[in-house]
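Colleague:
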């Protein structure tokens, strides 16, 4: 198993997508995005993408599967690189100790509330008896992710541990903390590659600039 979390530093895109944008849906030049993806494919060949919709659909894919509408991909296929694209949401990567199954999961506030990560773990456990391991990549932190009262109540009602405040004292959500608690409840320990995408300009952030690129979490067997 190999995995990585990309940033915005390596690539060919021009502002506001500079430089390492990997997403086709944000308005960047498709040919330039293809060149950026080719850079990544040197280390992670056979990239498998999904059309992310902030839901909780989990899809098992193989070498020839077209990009599905989903927020989690699972595979048992060797040398197939699963990709999750983000610009503040959590890129979650999962694998089992025997390295027979992997997953890439897009976890935003709706995905957290709709338990997309838990659905993915359930699907993985139907394919392996080995321990599931996890790592989350850079995402927006609880001190920066300000939300309105309705959104705050909707998420914290289900995951109280996600409650947070901004530095100015307004309502916020701590998605990484909420995800850690959610996964711990089903026996999965998660490593947090702690970096706030809003604060750290090495990363794309939708909250910082609405028209921007996407970095990725990538995992392969």
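Numbering (the UniProt record's numbering), first residue to last: 1 to 221. All residues carry an ideal CB built from backbone N, CA and C; glycine is no exception.
Is it true that the CB of residue 66 sits closer than 8 Å to the CB of residue 92?
Modeller: Going by C-beta atoms, residue 92 is not nearer than 8 Å to residue 66.
Colleague: Quick one: grab the DSSP three-state call for residue 52.
Modeller: In this structure, residue 52 counts as coil in the three-state DSSP scheme.
Colleague: Where does residue 175 sit, in a helix, a strand or coil, going by DSSP?
Modeller: Note: residue 175 maps to helix in three-state DSSP.
Colleague: Please give me, in chain order, every unbroken run of the beta strand (DSSP E) with length at least 3 that falls completely inside the region 31 to 97.
Modeller: Fully enclosed beta strand (DSSP E) runs of 3 or longer: 58 to 60, 72 to 75, 81 to 86, 90 to 96.
Colleague: Relative to the C-alpha of residue 105, which candidate in 146, 195, 183 has its C-alpha closest?
Modeller: Minimum Cα distance to residue 105 is reached at 183.
Colleague: When the distance is taken between beta carbons, is residue 193 closer than 8 Å to residue 101?
Modeller: No.
Colleague: Please classify residue 136: does DSSP put it in a helix, a strand, or coil?
Modeller: Here residue 136 sits in strand by DSSP.
Colleague: Please state the DSSP three-state secondary structure of residue 121.
Modeller: Residue 121: helix per DSSP, three-state reduction.
Colleague: Expressed to the nearest angstrom, what Euclidean distance is found between the alpha-carbon atoms of residue 68 and residue 141?
Modeller: Distance between the alpha carbons of residue 68 and residue 141 is about 29 Å.
Colleague: I'd like to know if the region 47 to 60 and the region 69 to 85 are in contact, where contact means that at least 3 CB-CB pairs between them fall below 8 Å.
Modeller: The region 47 to 60, when compared against the region 69 to 85, does touch it at the 8 Å Cβ threshold.
Colleague: Going straight from the alpha carbon of residue 173 to that of residue 107, what length do you get?
Modeller: The straight-line gap from Cα to Cα measures roughly 13 Å.
Colleague: Going by CA-CA distance only, name the one from 175, 220, 167, 88 that's closest to residue 160.
Modeller: The candidate whose alpha carbon is nearest that of residue 160 is 175.
Colleague: Please classify residue 9: is it buried, with 16 or more other beta-carbons within 10 angstroms of its beta-carbon, or exposed?
Modeller: Exposed is the call here.
Colleague: Less than 8 Å separating the beta-carbons of residue 58 and residue 119?
Modeller: Yes, they are a contact pair.
Colleague: Could you check what DSSP says for residue 2 in three-state terms: helix, strand or coil?
Modeller: Correct three-state label for residue 2: strand.
Colleague: How far does the beta strand (DSSP E) with residue 149 in it extend, from its first residue to its last?
Modeller: Unbroken run through residue 149 is the alpha helix (DSSP H), 149 to 158; no beta strand (DSSP E).
Colleague: Quick one, are the C-beta atoms of residue 124 and residue 94 less than 8 Å apart?
Modeller: Result yes, Cβ atoms of residue 124 and residue 94 sit closer than 8 Å.
Colleague: Could you have a look at residue 184 and say whether DSSP puts it in helix, strand or coil?
Modeller: Here residue 184 sits in helix by DSSP.
Colleague: Helix, strand or coil, according to DSSP, for residue 146 in the structure here?
Modeller: Three-state result, residue 146: strand.
Colleague: Expressed to the nearest angstrom, what Euclidean distance is found between the alpha-carbon atoms of residue 61 and residue 71?
Modeller: Rounded to the nearest angstrom, the two C-alpha atoms are 13 Å apart.
Colleague: Apart from the five residues just before and just after residue 180, which ones in its own chain have a Cβ nearer than 6 Å to its Cβ?
Modeller: Excluding positions up to five away in sequence, the list reads 190.
Colleague: Mind reading off the beta-carbon distance from residue 19 to residue 11? Whole number of angstroms is fine, and I expect it under 8 Å.
Modeller: At roughly 4 Å, the Cβ-Cβ gap stays under 8 Å, so residue 19 and residue 11 are in contact.
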